[in-house]
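With UniProt numbering applied, the sequence shown covers 1 to 285. Backbone N, C-alpha and C fix where the C-beta goes; we use that ideal spot for every residue, glycine too. If you're wondering where the values come from, they're calculated on a predicted model, not measured in any experiment. Each remark here refers to the structure printed beneath this line.
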Amino acid sequence: MPAVVAGVLNGGLFMCPVVVAGVLNGGLFMSPAVVAGVPIGGLSNKLQFPGLEELLKPIQTSVRVHSAGMKNYLPPPNFDHIELPEKPKLTFMDKVPQYPSNMRPPKMAKRLTLMRGPEPIHNQFIYKQYGIVALCGGRLHSGHIEMMRMTINRKMDASKMFAVWRIDSPWQPLTRKGQGKRMGGGKGPIDHYVTPIKAGRVILELGGKCEFEQALPFLEEVAHKLPIRAKATSYEMMMAEKEEAEKMARENINPYTKEYVIKNNMGGCWRWISPYDKKWFFDYV
Numbered sequence: 001m002p003a004v005v006a007g008v009l010n011g012g013l014f015m016c017p018v019v020v021a022g023v024l025n026g027g028l029f030m031s032p033a034v035v036a037g038v039p040i041g042g043l044s045n046k047l048q049f050p051g052l053e054e055l056l057k058p059i060q061t062s063v064r065v066h067s068a069g070m071k072n073y074l075p076p077p078n079f080d081h082i083e084l085p086e087k088p089k090l091t092f093m094d095k096v097p098q099y100p101s102n103m104r105p106p107k108m109a110k111r112l113t114l115m116r117g118p119e120p121i122h123n124q125f126i127y128k129q130y131g132i133v134a135l136c137g138g139r140l141h142s143g144h145i146e147m148m149r150m151t152i153n154r155k156m157d158a159s160k161m162f163a164v165w166r167i168d169s170p171w172q173p174l175t176r177k178g179q180g181k182r183m184g185g186g187k188g189p190i191d192h193y194v195t196p197i198k199a200g201r202v203i204l205e206l207g208g209k210c211e212f213e214q215a216l217p218f219l220e221e222v223a224h225k226l227p228i229r230a231k232a233t234s235y236e237m238m239m240a241e242k243e244e245a246e247k248m249a250r251e252n253i254n255p256y257t258k259e260y261v262i263k264n265n266m267g268g269c270w271r272w273i274s275p276y277d278k279k280w281f282f283d284y285v
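This is how it looks when you write it as structure tokens:
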């Protein structure tokens, strides 16, 4: 409905009808004011209202347009072949190994070789699903093992998932003398027990009727809390990494590899490298 604006400007009477038209291209617009059939833009500036041009600008409004497209959702994976065990949760591990009553707990040297090099046996997933793998050697004591057990058991869905240990309970004794003790007097008493692991060792496995995205958050949480570098991975990721390493070794065109340089004692490297470098070529410590 047109609205008429009337008034007196410089001693003269004028009338300015303003017409509101409607919505055009998603925006509300107003037609320009007309005086005696002539647009205001064609008259003198004296007849124009201050701020009228701002008032007559189109008002932008948001318009939602419904659209339809073709969806291609992949079917969910089939887990019918997976059987859940009777006890799906991680079991409790003893902090101290059980010895016969007539046997004194034996003491042991450091045995750092138990943490050196790659893991030769427990380096693959048995259930071919998911788990946590160590990236370097180290020791796990009962506190780390209990942290893994409580975190996994609380956050996994026991009706669809299961978890199993791939490490032994703490068995290697570590001795420590009391603070302020005088040196000497033989080897100190046993302080606690640890489980030594090597690089590439599978610490635990998790499987069941679930995808890797469901288990990844709490597996990564456990891996970051461990005292050694570890990662949460899946069987497919392990196989892809192995194939990628084999491909890089196969397609390498540089003849001066780490193995070639060390075996040929180039630059006299045998004078300063470790005997373990001659065995593992800087891949492990």
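Three-state secondary structure assigned by DSSP to residue i
i	result
LEU216	helix
GLU119	coil
LYS263	helix
ARG182	coil
VAL164	strand
LYS57	coil
PHE29	Annotation note: pLDDT 46 at PHE29 (below 50); position unreliable, no value reported.
LYS95	coil
ARG271	helix
LYS231	strand
LEU174	strand
VAL222	helix
ASP283	coil
Run of the alpha helix (DSSP H) containing residue i, from where it starts to where it stops
i	result
HIS144	142-155
GLU205	Unbroken run through GLU205 is the beta strand (DSSP E), 202-208; no alpha helix (DSSP H).
ALA249	235-250
LEU226	Note, LEU226: premise wrong, no alpha helix (DSSP H); not H, not E.
Residue i vs residue j beta-carbon contact at 8 Å
i	j	result
LYS173	PRO105	A small fix is needed here, since residue 173 is Pro in this sequence, not Lys. Yes.
VAL222	ILE152	yes
PRO77	GLU211	yes
ARG229	LEU140	no
LEU204	ARG166	yes
ILE132	ALA232	yes
LYS107	LYS187	yes
PHE281	LYS258	yes
ASN102	ARG201	no
LYS95	SER142	yes
MET147	LYS225	yes
ASP283	ILE262	no
GLN227	HIS144	With the sequence shown as reference, residue 227 is identified as Pro, and Gln is not the correct amino acid for it. Yes. Within cutoff.
Where the beta strand (DSSP E) containing residue i begins and where it ends
i	result
ASP277	Unbroken run through ASP277 is the alpha helix (DSSP H), 277-280; no beta strand (DSSP E).
ALA68	It is not in any beta strand (DSSP E) - ALA68 carries neither H nor E in the DSSP assignment.
PRO75	Neither: PRO75 is in no beta strand (DSSP E) and is coded neither H nor E.
ILE132	130-134
LEU114	Segment: none, LEU114 is in no beta strand (DSSP E) and carries neither H nor E.
ILE190	190-197
Assigned exposure category for residue i - 16 Cβ within 10 Å defines buried
i	result
ILE126	exposed
SER234	buried
ARG149	buried
GLU244	exposed
GLY241	The question names Gly, yet the displayed sequence has Glu at residue 241. Exposed is the call here.
HIS66	exposed
VAL285	exposed
TRP272	exposed
GLN98	exposed
MET239	exposed
HIS81	exposed
GLN179	exposed
ILE253	exposed
GLY137	buried
- request: Indicate whether the contact test is met: 3 or more Cβ pairs, each with one atom in the stretch 190-198 and one in the stretch 115-134, closer than 8 Å.
  value: yes
- prompt: Between the stretch 82-91 and the stretch 155-165, do at least 3 Cβ pairs fall closer than 8 Å?
  reply: yes
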